[in-house]
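Just so you know, the protein sequences line up as chains U and Z, in that order.
Quick note, our numbering runs 18 ahead of the 1-based positions in the first sequence.
Quick note, our numbering runs 14 ahead of the 1-based positions in the second sequence.
Don't be surprised by glycine CBs; every beta carbon is placed ideally from N, CA and C.
Bear in mind the structure is a predicted one, so any value in this text is a computation, not a measurement.
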Amino acid sequence: MLKIKNVTKIFNPGTVNEKMALNYLDLVVQDGDFITLLGSNGAGKSTLFNAIAGNFRIDEGRIELDERNITFDPDYQRAQSIGRLFQDPLKGTAPSMTIEENLTLAYLRASDNKADFSHITKKDREMFADELKKLDMGLEDRMKTEVGTLSGGQRQALTLLMATIVPPKLLLLDEHTAALDPVAAEKIMNLTKRIVEENHTTCLMITHNLNHALQMGNRTLIMSNGRIICDLSEKDKEGMDMETLIHTFHKALNDDRILLGE
Amino acid sequence: MVYILQTAMKLGCIYALVSLALFMSFRILKIADMTTDGCFILGGAVSVVFALTGHPFLGLILAMLAGSSAGLITAVLQTRMGVPSILAGIITNTGLYTINLMVMGFSSNLSLLKGETVFSVFQKMGIFGKNADLIVSAVVVIVAMILLRLFLSTRLGLSIRATGDNPDMVSASSINPGRMVMIGLAVSNALTALSGALAAQMQRSIDINAGTGIVVVGLACLIIGETLLYRKRNMTLNIAACLVGSIIYRMIYALILKTHVIPIECLKLMTAVIVAAAISFPTVSASISYRNKARKEMKKC
Chain U
19 MLKIKNVTKI
29 FNPGTVNEKM
39 ALNYLDLVVQ
49 DGDFITLLGS
59 NGAGKSTLFN
69 AIAGNFRIDE
79 GRIELDERNI
89 TFDPDYQRAQ
99 SIGRLFQDPL
109 KGTAPSMTIE
119 ENLTLAYLRA
129 SDNKADFSHI
139 TKKDREMFAD
149 ELKKLDMGLE
159 DRMKTEVGTL
169 SGGQRQALTL
179 LMATIVPPKL
189 LLLDEHTAAL
199 DPVAAEKIMN
209 LTKRIVEENH
219 TTCLMITHNL
229 NHALQMGNRT
239 LIMSNGRIIC
249 DLSEKDKEGM
259 DMETLIHTFH
269 KALNDDRILL
279 GE
Chain Z
15 MVYILQTAMK
25 LGCIYALVSL
35 ALFMSFRILK
45 IADMTTDGCF
55 ILGGAVSVVF
65 ALTGHPFLGL
75 ILAMLAGSSA
85 GLITAVLQTR
95 MGVPSILAGI
105 ITNTGLYTIN
115 LMVMGFSSNL
125 SLLKGETVFS
135 VFQKMGIFGK
145 NADLIVSAVV
155 VIVAMILLRL
165 FLSTRLGLSI
175 RATGDNPDMV
185 SASSINPGRM
195 VMIGLAVSNA
205 LTALSGALAA
215 QMQRSIDINA
225 GTGIVVVGLA
235 CLIIGETLLY
245 RKRNMTLNIA
255 ACLVGSIIYR
265 MIYALILKTH
275 VIPIECLKLM
285 TAVIVAAAIS
295 FPTVSASISY
305 RNKARKEMKK
315 C
């Protein structure tokens, strides 16, 4: 369970560019929740993810994951239990290293796999190949290929596998299909659904695609100006069509400058 | 002539350790580590001081320890204290000047006229015959290369390589990138110090200024080797390139010394030009060909 209480982040404090990116935000995410997160640019969605993942120090508030206060843990420690994907498929992998080397590093999150001076074993390779097969992209035959030579879709699929190869307590998806072509995006989205369902992973997903927001997950949040301004449960979303969601969106935002995708 | 080539081989082996160190910092971690110059002297000074007291081997080990501490200071400055990486190296290097003088008892040079060195010990044993110097230095550098190669494919080594490649991905894999920079620079500077230690024991003296420009020379060797051997995916060849490049550089150096084609006083300038040209080559040639293309297109209009 993720508990966010009173979290505040101000960028450029004391200057004309001062911006309250997170405004005393509260959020409780139950285990197994799949939450989609909507909001215009600058609403604070990515900032919220950065706060959860520990990319910066928050100014006020408290973040708890499974009853443990992680507010002051550095990002790499939180990565032990939080997986994250970015919009940029280049961000999650080391380009000049091979697929198996990237997977080895991701698999370091498994606590029994920390021996600094050990090499990649045959057993590791077999396990990685099995996992890669599930992506259905033929990557299992290219384990010695440098990741930099893969396509964006393949790299994002690999990043998804790397983030979930040791099932995280929380998965943060930051518009992770937005930079891909429609076919690749669809494929990555289906993979995401399957992996999240299989592991019952608690998941937060930022999207600008209202269809995804409606169809996926059991809860939808709308953010604006660093706050959550609308919280739709599975029940609220049932039978809701795009029109109604757009209407809700507008009513909550009272801001028609939003790009509504689709 | 044979003597000259032998000396070139010998020095090539010893200085290849600096190229290995730069391979680690410059190529793998993608940090230009300016600690190198001072660290080289630090290694030399420590090893000469211990050789003077009759412990040449202990001197090598302690030189490596001293070198890695210097690397650690540079790493801490950049990872924990927000000092830009080049400046961090320069700061450590500046401080090392005094430290090196301290090690040498505040004199600007120290000679090892009497007393054993690692080379003289093996010469006396007589197993390697006349070539003891060359064989000892070759063995040391080859062992260092093998260990570095093995190290880079361990989980720790992979983590260090990824830190140079994509630090975001490293912290997302729950690895502390700062720690990886520390380990990487410690290893790299231990190699530099070992090089200084061997060079000083071979020449039986150490001078406070002997390390000036060693970082550029090391880079030159690295680049010469890479031009001949570089293969993108082959770590083993890239490591071998350090030794090959270093030996070739020393051969060229020896030939220039012998033939006086270029006054030997100008060699540092030559080295600097070679390094600058080699590193800038891809960018410069790309922009020249782009301009040529643009000129052609303009003519058509």
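So, under 8 Å CB-CB, residue 85 of chain Z and residue 202 of chain Z are touching, yes? Tell me the CB distance rounded to an integer number of Å. Residue mapping note: residue 85 of chain Z aligns to position 71 of the second sequence, counting from 1. Residue mapping note: residue 202 of chain Z aligns to position 188 of the second sequence, counting from 1. Residue 85 of chain Z to residue 202 of chain Z, Cβ: 6 Å. Contact.
Is residue 314 of chain Z helix, strand or coil by DSSP? Counting from one through the second sequence, the residue named residue 314 of chain Z turns up at place 300. In the structure shown, residue 314 of chain Z sits in a helix (DSSP, three-state: H, G or I).
Distance cutoff 8 Å, beta carbons only. Does residue 276 of chain U sit that close to anything in chain Z? As a working mapping, residue 276 of chain U is identified with position 258 in the first sequence. Residue placement at residue 276 of chain U is poorly supported in this model, since its pLDDT is 45, which falls under 50; the coordinates still yield a value, given next. By this cut-off, residue 276 of chain U is not an interface position.
Would you say residue 236 of chain U and residue 84 of chain U are within 8 Å of each other, going by their C-beta atoms? Position 218 of the first sequence, counted from the first residue, corresponds to residue 236 of chain U. Position 66 of the first sequence, counted from the first residue, corresponds to residue 84 of chain U. Cβ distance not < 8 Å, so residue 236 of chain U and residue 84 of chain U don't count as in contact.
Residue burial classification, residue 249 of chain U (beta-carbon count within 10 angstroms, cutoff 16): Translated into the one-based positions of the first sequence, residue 249 of chain U becomes position 231. Exposed is the call here.
Please report the Cβ distance between residue 159 of chain Z and residue 253 of chain Z, rounded to the nearest whole angstrom; I am assuming they are in contact, meaning their Cβ atoms lie under 8 Å. Residue numbering aside, residue 159 of chain Z sits at position 145 when the second sequence is read from its first letter. Residue numbering aside, residue 253 of chain Z sits at position 239 when the second sequence is read from its first letter. Right, the Cβ-Cβ distance comes to about 5 Å (below 8 Å), so this counts as a contact.
Which class does residue 220 of chain U belong to by DSSP, given the choice of helix, strand or coil? Within the first sequence, numbered from 1, the residue matching residue 220 of chain U stands at position 202. Three-state DSSP puts residue 220 of chain U in a strand.
Identify, in the order they occur along the chain, each residue of the same chain with its Cβ nearer than 7 Å to the Cβ of residue 280 of chain U, setting aside the five sequence neighbours on each side. As a working mapping, residue 280 of chain U is identified with position 262 in the first sequence. Caution is warranted here: a pLDDT of 34 is assigned to residue 280 of chain U, below 50, making its placement in the model unreliable, and no coordinate value can be reported.
One question on the structure: do residue 163 of chain Z and residue 250 of chain Z come within less than 8 Å of each other, judged by their Cβ atoms? Within the second sequence, residue 163 of chain Z is the residue found at index 149, counting from 1. Within the second sequence, residue 250 of chain Z is the residue found at index 236, counting from 1. Yes; because the gap between Cβ atoms is below 8 Å, this pair is in contact.
Three-way DSSP call (helix, strand, coil) for residue 277 of chain U in this model: One-based indexing of the first sequence puts residue 277 of chain U at position 259. With a pLDDT of only 42 at residue 277 of chain U, under 50, the local geometry of the prediction cannot be trusted, and the value read off the model is given with reservation. If DSSP states are grouped into helix, strand and coil, residue 277 of chain U belongs with coil.
Going by DSSP, which residues form a beta bridge with residue 58 of chain Z? Here residue 58 of chain Z corresponds to residue number 44 of the second sequence, with the count starting at 1. For residue 58 of chain Z, which the question treats as bridged, DSSP gives no partner whatsoever.
Just the chain Z side, please: which residues come within less than 9 Å of residue 102 of chain U by C-beta, in chain order? Here residue 102 of chain U refers to the residue found at position 84 of the first sequence. Going along chain Z in sequence order, the residues near residue 102 of chain U (Cβ under 9 Å) are 186.
Test: residue 279 of chain U CB closer than 8 Å to a CB of chain Z: Along the first sequence, read from residue 1 onward, the residue named residue 279 of chain U stands at position 261. Confidence in residue 279 of chain U is poor, its pLDDT being 39 and thus under 50, which makes the residue's placement too unreliable to answer from.
Go ahead and pull the three-state DSSP assignment for residue 123 of chain Z. Numbered from its first residue, the second sequence carries residue 123 of chain Z at position 109. In the structure shown, residue 123 of chain Z sits in a strand (DSSP, three-state: E or B).
Partner residues on chain U for residue 179 of chain Z, Cβ-Cβ distance less than 7 Å: The residue given as residue 179 of chain Z occupies position 165 in the second sequence. Within chain U, the residues near residue 179 of chain Z are 112, 113, 114 and 115.
Curious, which full-length beta strand (DSSP E) runs of at least 3 residues does the segment 146-217 of chain U contain? 188-192
Between the alpha carbons of residue 190 of chain U and residue 245 of chain U, how many angstroms are there, rounded? Against the first sequence, residue 190 of chain U aligns to sequence position 172. Against the first sequence, residue 245 of chain U aligns to sequence position 227. Computed Cα separation, rounded: 18 Å.
List, in chain order, every chain Z residue whose beta-carbon is nearer than 9 Å to that of residue 97 of chain U. Taking the first sequence and counting its residues from 1, the one referred to as residue 97 of chain U is at position 79. Per Cβ cutoff of 9 Å: 185, 186, 187, 188 and 189.
Check the Cβ of residue 309 of chain Z against every Cβ in chain U and list those closer than 9 Å, keeping chain order. Start at 1 with the first residue of the second sequence, and residue 309 of chain Z comes out as number 295. In chain order: nothing, as chain U lies at least about 33 Å away.
Which one or two residues does DSSP pair with residue 63 of chain U in a beta bridge? Position 45 of the first sequence, counting from 1, holds the residue named residue 63 of chain U. The partner list for residue 63 of chain U (beta bridge, DSSP) is empty, contrary to what the question assumes.
Nearest-angstrom Cα distance between residue 20 of chain U and residue 66 of chain U? Within the first sequence, numbered from 1, the residue matching residue 20 of chain U stands at position 2. Within the first sequence, numbered from 1, the residue matching residue 66 of chain U stands at position 48. Going from the Cα of residue 20 of chain U to the Cα of residue 66 of chain U covers about 13 Å.
So is residue 304 of chain Z buried or exposed if we call it buried at 16+ other beta carbons inside 10 Å? Counted from its first residue, the second sequence places residue 304 of chain Z at position 290. By the 10 Å Cβ count, residue 304 of chain Z comes out exposed.
Please classify residue 295 of chain Z as buried or exposed, where buried requires at least 16 neighbouring CB atoms within 10 angstroms. As a working mapping, residue 295 of chain Z is identified with position 281 in the second sequence. Exposed, since its Cβ has fewer than 16 Cβ neighbours within 10 Å.
Sorted by chain position, which residues of the same chain lie with C-beta nearer than 7 Å to residue 20 of chain Z's C-beta, five sequence neighbours on each side aside? Reading the second sequence from its first residue, position 6 is the one you call residue 20 of chain Z. So the qualifying residues of the chain are 148.
Which residue comes first and which comes last in the alpha helix (DSSP H) that contains residue 275 of chain Z? Working through the second sequence from its first residue, we reach residue 275 of chain Z at position 261. Segment: none, residue 275 of chain Z is in no alpha helix (DSSP H) and carries neither H nor E.
Could you give the residue range of the alpha helix (DSSP H) that holds residue 24 of chain Z? For the purposes of this step, residue 24 of chain Z is taken as residue 10 along the second sequence, with counting starting at 1. 16-36 is the extent of the alpha helix (DSSP H) around residue 24 of chain Z.
Using alpha carbons as the reference points, say which of Z:24, Z:165, Z:198 and Z:166 lies closest to residue 92 of chain Z. By one-based count along the second sequence, residue 92 of chain Z stands at place 78. Looking at the Cα atoms, Z:198 is the closest of the given residues.
Find the nearest neighbour of residue 115 of chain Z within the set Z:79, Z:283, Z:222 and Z:15, judged by alpha-carbon distance. Walking along the second sequence from the start, residue 115 of chain Z turns up at place 101. The candidate whose alpha carbon is nearest that of residue 115 of chain Z is Z:222.
Any contact of the segment 126-140 of chain Z with the segment 48-56 of chain Z, i.e. 3+ C-beta pairs under 8 Å? no
Determine the extent of the alpha helix (DSSP H) in which residue 231 of chain Z is found, giving its start and end residues. Your numbering for residue 231 of chain Z matches position 217 in the second sequence. 228-243 is the span of the alpha helix (DSSP H), which, as asked, contains residue 231 of chain Z.
Let me confirm a value: residue 315 of chain Z is counted as buried when at least 16 other C-beta atoms fall within 10 Å, else exposed. Which label applies? The count along the second sequence starts at 1 and reaches residue 315 of chain Z at position 301. Counting Cβ neighbours within 10 Å, residue 315 of chain Z comes out exposed, since fewer than 16 surround it.
Range covered by the alpha helix (DSSP H) that runs through residue 117 of chain Z: Taking the first residue of the second sequence as 1, we reach residue 117 of chain Z at position 103. Where residue 117 of chain Z is concerned, the enclosing alpha helix (DSSP H) stretches over 99-117.
Are the beta-carbon atoms belonging to residue 242 of chain U and residue 61 of chain U less than 8 Å from one another? In the first sequence, the residue the question calls residue 242 of chain U occupies position 224. In the first sequence, the residue the question calls residue 61 of chain U occupies position 43. Yes, these two residues count as a Cβ contact at 8 Å.
Candidates Z:312, Z:188 and Z:225: closest to residue 128 of chain U by CA position: Here the question's residue 128 of chain U lines up with position 110 in the first sequence. Nearest of Z:312, Z:188 and Z:225 to residue 128 of chain U, Cα basis: Z:188.
Go ahead and pull the three-state DSSP assignment for residue 229 of chain U. Against the first sequence, residue 229 of chain U aligns to sequence position 211. Residue 229 of chain U: helix per DSSP, three-state reduction.
So who's on the other strand from residue 55 of chain U, going by DSSP bridges? In the first sequence, residue 55 of chain U corresponds to position 37, counting from 1. Answer is U:224 and U:239.
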